[in-house]
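Below: one structure, written as structure tokens.
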Amino acid sequence: MKERNLTCIVCPRGCSLTAVLDGDKVVSVVGNACPRGKIYAEKECTHPERTVTSTVKTADGSVVPCKTRTPVPKEKVFDVMKEINEVTAGNVLRIGDTVIENAAGTGVDVVICANKG
Amino acid sequence: MEKMKKNLVIVGGGPAGMAAAVAAYDKGERDILILERDTALGGILRQCIHNGFGLHRFGEELTGPEYAYRYEAMVKERNIEFMTDTMVIGIDRERTVTAMNKEHGIFRIEAGAIVLAMGCRERPKGAFNFAGTATAGIYTAGTAQKFVNMMGMMPGKEVVILGSGDIGLIMARRMTLEGAKVKAVCELMPYSGGLARNIEQCLHDFDIPLLLSHTVVEIHGKDRLTAVTIAEVDGSRRPIPGTEQTIPCDTLLLSCGLIPENELTRGAGIEMDRVTNGAKVNADRETDVPGVFACGNVLHVHDLVDYVSEEAAIAGGAAVRFLRGETEANTLIELATDGKVRYTVPERITEIKETKVFFRVGDVFRDKKIVVRAGDEVLLSKKKQKFAPGEMETVTLPADALRKAEGKTLRFSIED
Ligand SMILES: Cc1cc2nc3c(=O)[nH]c(=O)nc-3n(C[C@H](O)[C@H](O)[C@H](O)COP(=O)(O)OP(=O)(O)OC[C@H]3O[C@@H](n4cnc5c(N)ncnc54)[C@H](O)[C@@H]3O)c2cc1C
Ligand code: SF4
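As given, the protein sequences belong to chains A and B, one line each in that order. Heads up: the first sequence begins at 1320 in the working numbering, then just goes up one per residue. Heads up: the second sequence begins at 345 in the working numbering, then just goes up one per residue.
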């Protein structure tokens, strides 16, 4: 059995978690003030994920904020960033509009986070 | 000069101002005007493109612009009047608001009640004194955030960050994602000023070193920054000779705290709290000038916009009660702190009813209790694993407890 110390990033409370691992399987989690912490610890030890937030260029030369609709595998973060920096969005945009489908093969779309035009 | 009359004037159209307006409207007030100096509503959230907002308020994780938009939509649905590109330049004790914009020039509004929601700004470069003259390449973290997120411009490629406040941590990740190399985050104190989750996801994720008890002692470069010299500091925060190291970089970001923007408040002679740098208020967030309320970051610096919205709703609702003559102004209970607890908001209580008190501590305390006393009597005692200066805490005092404290001072302390 191995122990791994983590900081839960799901909410601002930032609980200090200790996960007990049997190989790469999480057998128990302590320190979480709510159930989301346990789910986080299990994911973080097996396949960590992050939401990517950034901006995309628009046709008129400005930028608008965007994000991956759901978290993507952590090791794909820079690949997603690369695609975000390669696209140009239109000048009329609404929150939730998709700018990139299936970003970097993650199956997750990148969507717009502000209205424009 | 043009003159107007309004029941409720709200200064600032950030999350605090918008939430105050919505709460006032929902309590039945219709004659509301929000004044915002920027080109759009939304406040500082427009540049905070990362996620993590709204978990408390909306039960989902939103980015800053999405959170701001939720409130903007509520303002617009209710047809609440607002003026952008409009700067408030003065308020007085008679609740006259002086403002200016292109359309009206300088104009006056006689307000029945005022909610102050001007937010905060970052401590500027002038607040630091390092040796060296380079100026290009040194920005506050918030300015860099505006460059990158709103103008699409990167301030530099090799970055050192001084101060581990949340905006600095967020910018460490943001600049790394955009291809910059963040070489270190130096923090003068032996603990970070930012949230644990931001240290984890903004620094650890990218192996960015956090150097606690370190500061910048010298900046190099003639015009543009070329390097900084950092050093470890001792318990009195003085650099320890011999610990200096020079890090080549073209950008230094300063993330050393936020200061409430209270020029207007001071101008009106409103009583201030020397610790929060905001007005002293009662539980309604009313200042010592009747009918003038304050909420959000102009009152005390919040880490979470969710709490800003909550506080602003209190202030907006109370402003409506003031207009109807339903509020109490006489102080029944004063709140005091032991120094370990740095401050409380509110600072006084004028009505005996369940009251939520926000507070911050001045140092990291582990396995201690927050104790609230009236005279010798303990009204509340709550144990916590960890209290940290970077995180705002709350206690809720029931009406019964406050009844016992009437006429006395409530003392907040951290104890074993
Ligand atoms: C650079 C920066 C980054 C931040 N990042 C985060 C973050 O990542 N996460 C987080 O939870 N919190 C963050 N905060 C804290 C954040 O400010 C609050 O969460 C929240 O936005 C505060 O809302 P507010 O309405 O009190 O202030 P603000 O959002 O600052 O809004 C105040 C508004 O008042 C207007 N105003 C000021 N003076 C006048 C005047 N005289 N006349 C007219 N209008 C005026 C301003 O233009 C502004 O729109 C950040 C703060 C700063 C300064
Ligand atoms: S365990 Fe729950 S309360 Fe603790 S940080 Fe994670 S989500 Fe927040």
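Idealized CB from N, CA, C, for every residue including glycine. Keep in mind that this is a model prediction, so the values were computed, not measured.
Contacts with chain A (Cβ-Cβ distance below 9 Å) from the region 539-566 of chain B involve 539, 540, 541, 542, 543, 544, 545, 548 and 549, listed in chain order. Short of 7 Å from the beta carbon of residue 1387 of chain A, and not among the five residues preceding or following it, lie these beta carbons of its own chain, in chain order: 1370, 1371, 1399, 1422, 1427 and 1429. Taking a beta-carbon distance threshold of 8 Å, residue 1321 of chain A does not count as an interface residue toward chain B. Look at residue 527 of chain B here: in three-state DSSP terms it is strand. Those residues placing their Cβ nearer than 5 Å to any heavy atom of ligand 2 are, following chain order, A:1327, A:1329, A:1330, A:1332, A:1334, A:1351, A:1352, A:1353, A:1355 and A:1356. For residue 1364 of chain A, not one C-beta of chain B is nearer than 8 Å to its own C-beta. Scanning its chain for C-beta atoms nearer than 8 Å, with the 5 sequence neighbours on each side dropped, one finds around residue 543 of chain B the residues 508, 513, 536 and 554, in chain order.
A distance criterion of 7 Å places the beta-carbon of residue 545 of chain B beyond contact range of ligand 1, judged by its closest non-hydrogen atom. When beta bridges are read from the DSSP output, residue 589 of chain B appears opposite B:574. In this structure, residue 575 of chain B sits near residue 588 of chain B, with a CB-CB distance shorter than 8 Å. With respect to the C-alpha of residue 642 of chain B, the residue from B:351, B:345 and B:355 having the closest C-alpha is B:355. Considering only B:373, B:705 and B:402, the residue with the shortest C-alpha distance to residue 733 of chain B is B:705.
Each of B:687, B:608 and B:503 was checked against the Cα of residue 590 of chain B, and the nearest Cα belongs to B:503.
Between residue 673 of chain B and residue 435 of chain B, the C-beta spacing is not below 8 Å.
For residue 1328 of chain A, the chain B residues whose Cβ falls inside 7 Å of its Cβ are 541, 544 and 545, in order along the chain. Chain-ordered listing is empty here: chain A has no CB closer than 7 Å to the CB of residue 646 of chain B, the nearest sitting near 11 Å. DSSP places residue 1419 of chain A in the strand class (E or B) of the three-state scheme. At a C-beta separation below 8 Å, residue 394 of chain B has these neighbours in chain A: 1372. At a cut-off of 8 Å between beta-carbon atoms, residue 493 of chain B makes contact with chain A. Three or more Cβ pairs drawn from the region 371-378 of chain B and the region 420-428 of chain B lie within less than 8 Å of each other, which places the two stretches in contact.
Burial of residue 464 of chain B is indicated by the presence of at least 16 other C-beta atoms within 10 angstroms of its C-beta. When 7 Å is used as the limit between beta carbons, residue 1386 of chain A is near these residues of chain B: 395 and 407, in chain order. When distances are taken from the beta-carbon of residue 436 of chain B to the heavy atoms of ligand 1, even the shortest one reaches 7 Å or more. For the set B:360, B:738, B:353 and B:637, the Cα lying nearest the Cα of residue 413 of chain B is the one of B:360. For residue 500 of chain B, no chain A residue has a C-beta closer than 9 Å to its own C-beta; the minimum C-beta separation is roughly 17 Å.
Chain-order list of chain A residues neighbouring residue 413 of chain B: 1414, 1433 and 1434, by C-beta distance under 8 Å.
In this structure, the C-beta of residue 398 of chain B stays at least 7 Å away from each heavy atom of ligand 1. Within a 10 Å sphere around the beta-carbon of residue 646 of chain B sit 16 or more other beta-carbons, which makes this residue buried. In this structure the region 452-461 of chain B lies against the region 626-644 of chain B, because at least three pairs of beta carbons, one per stretch, are closer than 8 Å. Any Cβ of chain A closer than 8 Å to the Cβ of residue 399 of chain B would place that residue at the interface, and such an atom is present. Taking 7 Å as the Cβ-Cβ cut-off, the region 1330-1354 of chain A approaches chain B at 1330, 1331 and 1333, given in chain order.
Remark: C-beta atoms of residue 677 of chain B and residue 692 of chain B approach each other more closely than 8 Å.
Every beta strand (DSSP E) of 3 residues or more that sits fully in the region 635-705 of chain B is shown, in chain order, as 636-638, 677-681, 685-689 and 699-705. CA-to-CA, the gap between residue 654 of chain B and residue 564 of chain B works out to about 45 Å. For residue 1376 of chain A, the C-beta contacts it makes with chain B under 9 Å involve 496, in order along the chain. For residue 1432 of chain A, the distance from the CB to the nearest heavy atom of ligand 1 is not below 7 Å.
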